[in-house]
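Written below as structure tokens is the structure these notes are about.
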Amino acid sequence: MKNYAERGEFMFESGQLDYIIHEEGRAAYENSAFQYEFFVKDHLGNVRQVVRAPQSNLRVATMEPEHAVEEEELFQSIKESRQGAAEHNKTPGGYATAWLNADRGRILGPSRSQEIQEGDSIEIGVFGKYVDPKKIRLSPATFARTGMDRKIIRTLGEYGQNLAAAPNEFAIANVIALVIGELNQKPAPEAYMAYALYDSDSNLYEQGKVVLSKKARNKHEELVQKIAIKKDGYIETFLVNETSENVWFDQFRVMSTGPIIVQETHYDPWGLEIKELGFQYGGIKVNPYLYNSKEAIGHLGIELYDYGARMYDPVIGRWSVVDPLADHPKQIGMSPYSAFWNNPIRYNDPDGRCPECEENVIDPTDGQSYTSTGGADYTFGNGEWTRQGGMLNEVTVTAQKPSLLEKGYYRGQAAAQDAWNSPLARAYVPDFVSVGGGFTGIALVGGGTSLEANWVLRGPEASLLPAITTTQSVGGGYSIDATLNIGRANYLGPVNEISRSMLQTSIGDGQATIWGSGGVAAGGKIGVTGSYTPTDGGYGIVGGQLNIGAGLPAGPLPANAAGGVSNTFILYDFHKKRK
Amino acid sequence: MKGLLIVGIFIIILLVPIGIWMQMQGKERGRRHFETFYSAEIDSHIESVRIAYKGTGMKLSDGREFVFYPFTDQDLNEGNIFNYTAEKEDKVVKKAYSDTLYLIKNDKKLAYTFKKF
């Protein structure tokens, strides 16, 4: 039976140091050394991942006799395949290799079987070499020197007596080229480094091999394979030569590296672990600090979290005993068994008594702040503390019962606002009105300018204080006049979107107002101008102006008409000055 | 001269489809501006503010520039129009996909929601 004890931050199991806990993680004592772990936490302190420096284990079969005892424990078939062959050795200062030749009963070379964990990465590697006895470089000249060409010609000539036509020189040259090609393409022996992965029930789920290529002909070729391990189980690695050719292997190595993330935990909002989504690397001490960074008492056979003052059961999302601070003013209306003020997404609980009960600042002043033990920032203002932190934006709702007079006032105000913003009211009283003056000089083409005072009558930026704007226009048609302009405009979208920025239309932003005007002119002028200004919100602004002043007629016809585009810029906004 | 009047009337008629086309372009542009701004994580200082596209064009000290349409509101920002309130060196903070931009001006923290497209 195990027993557990703690002395401050030192945790003991059966009298032996187990680990040292601290704010950022812990130092686990494993195999007479500390393994340092860092906890990745979310905003409530829930430990999501445990990170460690990855551990690597390298096993090498050098084949050298002085390492025989150690290597024969780590690998099989070391002794059976060892051969002294200094010219094929790859170990610095060594001379022994693994010599394989199927005809000599040496099919299987050194092999290793070892346990693996999900998350491991394995790298296996070896140097391999074979000797090609045909070291002579073949070419047509070689054939001429050795007399092989004459032999082939003679043979083909004898063969040709049975054919319709005798062999010619071109045909013979082609045959020699084919023979050379065939000899030079002699494949490397079927020798390889192989691996097989088995799960914990010994079911084979993956296997592979890296075959020696022609690069290994007369010199060492390094074979390397990297494998990501997806299941707990074990791996078999081995060297094979299936042929009767001599193959030498040396420096067979198996390196296993553990993962950086050794533990990943997912929870439901109340802290119940969702094990199907999580991950736990095997063979190490499991971190018990999980939900709210509290210790899970799993080793006692019950799934409870130790918060200090009480034990919390994530299965039912409740405390096992009554709250010692149940009569605190902040908790007086709550069940003494309920946890995290019934909002585990927003609150944790530092010690099992109250998520955020203490206000430990004496005589606070406006704007003063403190951080609660629950980790949230509080700011003092208007005689009370307001929570600032947290993942979710807080909405403060203040309930207040209005008097009958106030009620009437609010209702009247709302009704008046509704009426003012109704489509009917907007049709009669526009969103924008303007008064100003300007002149236009268009005869076929031309332009004009004007200066106006504008009032925004609706929306959150409505004001009786005007904005002074100037408008420049270009167009075509005929309109030569100087007029006083009284205008109106309506935004076609909702009232709350109306802003004073809508008074400005800049060609620099790719925007323009399109307008058309017409009127009666015979010395004096009276006319109207219609306009439409597209906006980026999907709704435009429709406007109209009454133009009264002086204007020239279009010849005998006492009228004028023109159309074009214009820009408007705010020169000065009296409302801005007020703010 | 009569011909000039006809030209004027012709131009007015011609401007109608141009206006429709401009409106469609503007809508698409507004959507693009909104997506850029809405998805942005902002924790920077203002370099400049101007009226842009009938809304707000805000250039930040980190080199980014956004166009958006902040709402003026008595409760959230004390009725301060963003374009007239925000100045160079003021801090602006917004989480990615948050519906609120905070303007921190001296000791004052003003919240602005904005038009969604």
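If you read the sequences in order, they're chains A and B. Here the first sequence stands for residues 0 to 578, numbered as in numbering that gives the first Met the number 0. Here the second sequence stands for residues 0 to 116, numbered as in numbering that gives the first Met the number 0. Just so you know, even glycine gets a beta-carbon here, dropped at the ideal spot from N, CA and C. Since we're looking at a predicted model, the values are computed, not measured.
Under 9 Å by beta carbon: chain A residues contacting residue i
i	result
K90/B	In chain order: nothing, as chain A lies at least about 16 Å away.
T112/B	Chain A residues near T112/B: none, gap ~10 Å exceeds 9 Å.
Y37/B	Within 9 Å Cβ-Cβ: nothing; Y37/B doesn't reach chain A, min ~14 Å.
Y96/B	Result: empty, since nearest Cβ-Cβ is about 13 Å, beyond 9 Å.
Neighbour-count burial assignment, residue i, 16 or more Cβ in a 10 Å radius
i	result
A4/A	exposed
M23/B	exposed
A521/A	exposed
K293/A	buried
L14/B	buried
T84/B	buried
N76/B	buried
H32/B	buried
E451/A	buried
T482/A	buried
D41/A	exposed
Q427/A	Reading off the sequence shown, one finds Tyr at residue 427/A, where the question assumed Gln. The residue is exposed, with fewer than 16 neighbouring Cβ atoms inside 10 Å.
L100/B	buried
P349/A	buried
Q412/A	exposed
L391/A	Summary for L391/A: the model assigns pLDDT 44, below 50, so the residue's position carries little reliability; its value from the coordinates is reported in the next sentence. That one is exposed.
Q510/A	buried
Anticipated Cβ contact below 8 Å, residue i with residue j, distance rounded
i	j	result
V564/A	T512/A	7 Å
L99/A	N240/A	4 Å
S110/A	Q54/A	About 24 Å; that fails the 8 Å criterion.
L222/A	G124/A	6 Å
N453/A	A466/A	5 Å
G486/A	G543/A	7 Å
G446/A	S472/A	6 Å
E235/A	S112/A	5 Å
V39/A	R47/A	5 Å
G44/A	N381/A	Contact flag wrong, Cβ pair sits at about 30 Å.
R81/A	A101/A	Not quite, the Cβ-Cβ distance comes to about 17 Å (not below 8 Å), so this is no contact.
E40/B	K94/B	6 Å
F573/A	L464/A	4 Å
F126/A	H219/A	4 Å
G108/A	L211/A	Not a contact, Cβ separation roughly 12 Å.
S285/A	E302/A	Checking the sequence shown, residue 285/A turns out to be Val, not Ser. Contact flag wrong, Cβ pair sits at about 14 Å.
Y204/A	Q224/A	About 16 Å separates the two Cβ atoms, so there is no contact after all.
Contact set between residue i and chain A, taken where Cβ atoms lie within less than 7 Å
i	result
A51/B	D508
V6/B	L443, G475, G476
Y28/B	The sequence shown places Arg at residue 28/B, rather than the Tyr named in the question. Simply D535.
L14/B	I513, G515, G562
Y101/B	Neighbours of Y101/B on chain A: none; closest Cβ ~11 Å, over 7 Å.
Contacts of residue i in chain A (Cβ-Cβ under 8 Å)
i	result
I41/B	The contacting residues do not exist; I41/B stays about 16 Å from chain A at best.
M57/B	Within chain A, no residue comes near M57/B; the closest Cβ sits about 12 Å away, beyond 8 Å.
I45/B	What I45/B touches in chain A: nothing, since even the nearest Cβ is about 16 Å away.
Neighbour list for residue i in chain B, Cβ cutoff strictly below 7 Å
i	result
M501/A	K53
T534/A	G25, K53
Y531/A	G18
G539/A	Q22
Amino acids of chain B, ordered along the chain, whose beta-carbon sits closer than 9 Å to that of residue i
i	result
E496/A	Y68, F70, K114
E460/A	T71, G78, I80
G281/A	The contacting residues do not exist; G281/A stays about 38 Å from chain B at best.
Where residue i meets chain B, residues with beta-carbon distance less than 8 Å
i	result
A195/A	Within 8 Å Cβ-Cβ: nothing; A195/A doesn't reach chain B, min ~47 Å.
I569/A	I50
K575/A	I80, Y83
Cβ-heavy atom distance, residue i to the ligand SAM, below 7 Å
i	result
D322/A	Among the components modelled here there is no ligand, and therefore nothing to report on the ligand SAM.
contact_flag[the stretch 26-37 of chain B, the stretch 475-491 of chain A] where n(CB pairs < 8 Å) is 3 or more: no
contact_flag[the stretch 525-539 of chain A, the stretch 449-459 of chain A] where n(CB pairs < 8 Å) is 3 or more: no
Inter-stretch contact at 8 Å, needing at least 3 Cβ pairs: the stretch 531-543 of chain A / the stretch 555-562 of chain A: no
The stretch 51-64 of chain B in contact with the stretch 494-507 of chain A per 3-pair CB rule at 8 Å: yes
Three-pair Cβ contact test at 8 Å for the stretch 105-122 of chain A versus the stretch 272-281 of chain A: yes
4-residue-minimum alpha helix (DSSP H) runs that sit fully inside the stretch 25-106 of chain B, ordered along the chain: 73-76, 81-84
Touching by the beta-carbon criterion (3+ pairs, under 8 Å), the stretch 35-46 of chain B and the stretch 80-97 of chain B: yes
Segments assigned alpha helix (DSSP H), at least 4 residues, entirely inside the stretch 397-466 of chain A: 403-419, 422-427
Start-end ranges of the beta strand (DSSP E) lying completely within the stretch 221-270 of chain A, minimum 3 residues: 232-240, 246-256, 260-263
Every unbroken alpha helix (DSSP H) within the stretch 45-97 of chain A, with a cutoff of 4 residues, ordered by chain: 67-73, 77-80
Whole beta strand (DSSP E) elements within the stretch 498-569 of chain A, 3-residue minimum: 512-533, 539-550
Every unbroken beta strand (DSSP E) within the stretch 292-337 of chain A, with a cutoff of 3 residues, ordered by chain: 310-312
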